[in-house]
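S.K.: In full-length UniProt numbering, the protein residues as written are 1 to 190.
No residue lacks a Cβ here, since even glycine has one placed at the ideal position from N, Cα and C.
Below: one structure in structure tokens.
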């Protein structure tokens, strides 16, 4: 607060009396439905069937979607019918388009090409990384890692990681250890 006068004046200006429509109704004796639509352009899809008049032609459009072929009997209750409606409307895995294009596995590399991958990787592992070899031979990086490995590169990366970890404090080391423990227990929860 800068000073009391300014604070008090601001609080007084913000103290707005509630609109009577927000207050509980004194005339209604029982619970009732309150329909308070948003102040936006009317949309056919957002008008619930409950609020459409019986003569409205839009009711006919909604009825096929509301009554699925495997509709439960009336004695099963409202919740069962709602669940059946949701199941009928829910898209199946076959009807959805894939997010990424589905790539078929390719078994196009011969033994000579695999030997070439191994030779290049052994010759200069810094220049011929897994990514470059995968791009050159049109295969996955995982396949390149199955074909050959570069233990000296892995050893250098491990040494770099050890140098980074040497600079960590106790709290960061404890947090990393706790995270490792949580990861170990991921499979145990199931």
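At what residues does the alpha helix (DSSP H) containing residue 89 begin and finish?
M.R.: Its alpha helix (DSSP H) spans residues 78-89.
S.K.: Measure the Cβ-Cβ separation of residue 134 and residue 141 and say whether it is below 8 Å.
M.R.: Going by C-beta atoms, residue 134 is nearer than 8 Å to residue 141.
S.K.: Given that a residue counts as buried once 16 or more other Cβ atoms are within 10 Å of its Cβ, and exposed if not, what is residue 53?
M.R.: By the neighbour-count rule (16 or more Cβ atoms within 10 Å), residue 53 is not buried but exposed.
S.K.: Determine, using beta-carbon pairs with one atom in the region 114-132 and one in the region 145-164, whether at least three such pairs fall under 8 Å.
M.R.: The region 114-132 vs the region 145-164: in contact.
S.K.: Give me, in chain order, the residues of the same chain whose beta-carbon lies closer than 7 Å to that of residue 109; leave out the 5 immediate sequence neighbours on both sides.
M.R.: Around residue 109: 137 and 139.
S.K.: Just the C-alpha distance for residue 129 and residue 144, rounded to the nearest angstrom, thanks.
M.R.: Cα-Cα distance, rounded: 9 Å.
S.K.: Start and end of the alpha helix (DSSP H) containing residue 145?
M.R.: Its alpha helix (DSSP H) spans residues 141-147.
S.K.: Return the CA-CA distance between residue 174 and residue 160, expressed in angstroms with no decimal places.
M.R.: So the alpha carbons of these two residues sit roughly 20 Å apart.
S.K.: Out of 35, 39 and 55, point me to the one whose CA is closest to residue 48's CA.
M.R.: Here the closest residue by C-alpha is 35.
S.K.: Reducing DSSP to helix, strand and coil, say where residue 107 ends up.
M.R.: In this structure, residue 107 counts as coil in the three-state DSSP scheme.
S.K.: In or out: residue 125 buried (at least 16 other Cβ within 10 Å) or exposed?
M.R.: Buried.
S.K.: Once DSSP output is grouped into helix, strand and coil, what is the label at residue 52?
M.R.: Of the three classes helix, strand and coil, the one that applies to residue 52 here is coil, per DSSP.
S.K.: From residue 56 to residue 33, what distance separates their C-alpha atoms?
M.R.: Cα to Cα, residue 56 sits roughly 21 Å from residue 33.
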